[in-house]
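K.L.:
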Amino acid sequence: MLRSARRVTVLTGAGVSAASGVPTFRGTGGLWKSFRPEELATSEAFARDPALVWEWYDWRRQTIAACRPNRAHEVLASWTDRFAGYVLITQNVDGLHERAGLAPVRLHGSIWELACWDGCGVSAWRNEDVPLPVRPPRCPECGGLARPGVVWFGEGLDPRVVARATQSTACDVFITAGTSSIVYPAAGLVHDAHRRGAFTVEINPDATPASAIVDARLQDGAETVLDVLDRLL
Ligand code: NAD
Ligand code: ZN
Numbered sequence: 471m472l473r474s475a476r477r478v479t480v481l482t483g484a485g486v487s488a489a490s491g492v493p494t495f496r497g498t499g500g501l502w503k504s505f506r507p508e509e510l511a512t513s514e515a516f517a518r519d520p521a522l523v524w525e526w527y528d529w530r531r532q533t534i535a536a537c538r539p540n541r542a543h544e545v546l547a548s549w550t551d552r553f554a555g556y557v558l559i560t561q562n563v564d565g566l567h568e569r570a571g572l573a574p575v576r577l578h579g580s581i582w583e584l585a586c587w588d589g590c591g592v593s594a595w596r597n598e599d600v601p602l603p604v605r606p607p608r609c610p611e612c613g614g615l616a617r618p619g620v621v622w623f624g625e626g627l628d629p630r631v632v633a634r635a636t637q638s639t640a641c642d643v644f645i646t647a648g649t650s651s652i653v654y655p656a657a658g659l660v661h662d663a664h665r666r667g668a669f670t671v672e673i674n675p676d677a678t679p680a681s682a683i684v685d686a687r688l689q690d691g692a693e694t695v696l697d698v699l700d701r702l703l
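Position one of the sequence shown corresponds to residue 471 (our numbering), numbered consecutively onward.
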């Protein structure tokens, strides 16, 4: 299917970065100090205890900074030269796709961007300080609290980004890799692609809610499966 495909869309989740050493949310190692990510990655958690949430993000940023892109990121970056219409969409906030050389459509923002919590109107800014010299960090414009430039549970996605991702489900092959397929609207993309006639593939060592509808399941790590697929191509 990939050999004859012109339009290929790939959606990635935390599992694609697992082999790089970035903990997933739902796998082992997802816990931090006995908190579940769902208890920290929300605006309610931040409103209650910004210092705690920033301590967690500072820890995640340090972990990610010490990680390197793996074979999955490399193959997915190189496919931009292989297929006429290629779109890489990610739920990951770690920046490893970018570091492998291809900027994806980012559904959930970036852990390397900050935004003003008070919404003073300043646009999001990059911050790659590891560890953060001042915690919690401040807005350079109004001096208020800064927040991570990521989409938290319960928050809406940028409609333009969702539109881009949805458009790309009109494709020949759609691959969902390393995602638990639980968090919407990202989890809906494979269903869209299926409805629109794409050949759909899931790459994940474990079963997910998407497993029942895809045309093919490749049950192993993304770093292994994508390496094999790329060599067969
Ligand atoms: P998730 O943690 O819910 O699920 C990870 C999935 O990856 C699981 O289904 C697991 O079986 C699979 N997996 C584990 N190792 C794998 C491997 N080597 N190859 C392929 N698959 C593997 O992650 P999610 O579905 O991306 O959703 C969680 C949300 O958390 C996302 O919205 C994302 O923004 C955020 N998140 C991001 C990162 C990151 O940027 N690296 C890490 C954790 C969570
Ligand atoms: Zn501000």
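From the three backbone atoms N, C-alpha and C, an ideal C-beta is built for every residue, glycine too. All figures in this text were calculated on a predicted structure; none of them were measured in a lab.
Of the residues Pro520, Glu525, Ala573, Val684, which one's Cα is nearest the Cα of Tyr556?
P.N.:
Ala573
K.L.:
Return the residue from the list Ala635, Arg596, Thr494 that minimises the CA-CA distance to Asn674.
P.N.:
Thr494
K.L.:
Leaving out five residues before and five after Gly565 in sequence, what residues of the same chain have Cβ atoms less than 8 Å from its Cβ?
P.N.:
Sequence-distant Cβ neighbours of Gly565 in its own chain, meaning closer than 8 Å and more than five residues away, are Ile534, Ser580, Ile581, Trp582.
K.L.:
Run through the DSSP bridge pairs and tell me what Phe505 is partnered with.
P.N.:
Its beta-bridge partners are Trp502.
K.L.:
Taking the DSSP output, what are the residues bridged to Phe644?
P.N.:
Residue pairing by DSSP places Phe644 opposite Thr479, Thr670 in a beta bridge.
K.L.:
On the three-pair Cβ rule with 8 Å, is the region 622-636 touching the region 594-609?
P.N.:
Contact between the region 622-636 and the region 594-609 is absent: fewer than three C-beta pairs spanning the two stretches fall below 8 Å.
K.L.:
Rounded to a whole number of angstroms, what is the C-alpha to C-alpha distance between Phe505 and Ala515?
P.N.:
11 Å
K.L.:
In the structure shown, what three-state DSSP assignment does Trp595 receive?
P.N.:
strand
K.L.:
What is the DSSP secondary structure of Ile652, counted as helix, strand or coil?
P.N.:
coil
K.L.:
Report the start-end ranges of each alpha helix (DSSP H) in the region 553-639 that is 4 residues or longer and not cut off at the edges.
P.N.:
566-569, 629-637
K.L.:
State buried or exposed for Trp529, treating a residue as buried only when at least 16 other CB atoms are found within 10 Å of its CB.
P.N.:
Exposed, because fewer than 16 other Cβ atoms sit within 10 Å of the Cβ of Trp529.
K.L.:
Candidates Arg665, Arg630, Leu546: which alpha carbon is nearest Glu693's?
P.N.:
Cα-wise, what sits closest to Glu693 is Leu546.
K.L.:
What are the boundary residues of the alpha helix (DSSP H) that Arg665 is part of?
P.N.:
Under the DSSP assignment, Arg665 falls in the alpha helix (DSSP H) whose first and last residues are 659-665.
K.L.:
DSSP has Leu688 in a bridge; who is on the other side?
P.N.:
Ile673
K.L.:
When the distance is taken between beta carbons, is Arg476 closer than 8 Å to Ala570?
P.N.:
no
K.L.:
Measuring alpha carbon to alpha carbon, tell me which of Leu627, Val631, Ile683 ends up nearest Phe644.
P.N.:
For Phe644, the closest alpha carbon among the candidates Leu627, Val631, Ile683 is that of Ile683.
K.L.:
Could you check if Glu611 belongs to the surroundings of the ligand ZN, using beta carbon to heavy atom distance under 7 Å?
P.N.:
yes
K.L.:
Kindly indicate which three-state DSSP category Arg511 falls into: helix, strand or coil?
P.N.:
A small fix is needed here, since residue 511 is Ala in this sequence, not Arg. DSSP, reduced to helix, strand and coil, places Ala511 outside both helices and strands of the structure shown, so it counts as coil.
K.L.:
Let me know if Gln561 comes out buried or exposed under the rule of 16 or more other beta-carbons within 10 Å of its beta-carbon.
P.N.:
buried
K.L.:
When you compare only the Cα positions, how much space is there between Ala680 and Ala521?
P.N.:
For Ala680 and Ala521, the distance between alpha carbons rounds to 36 Å.
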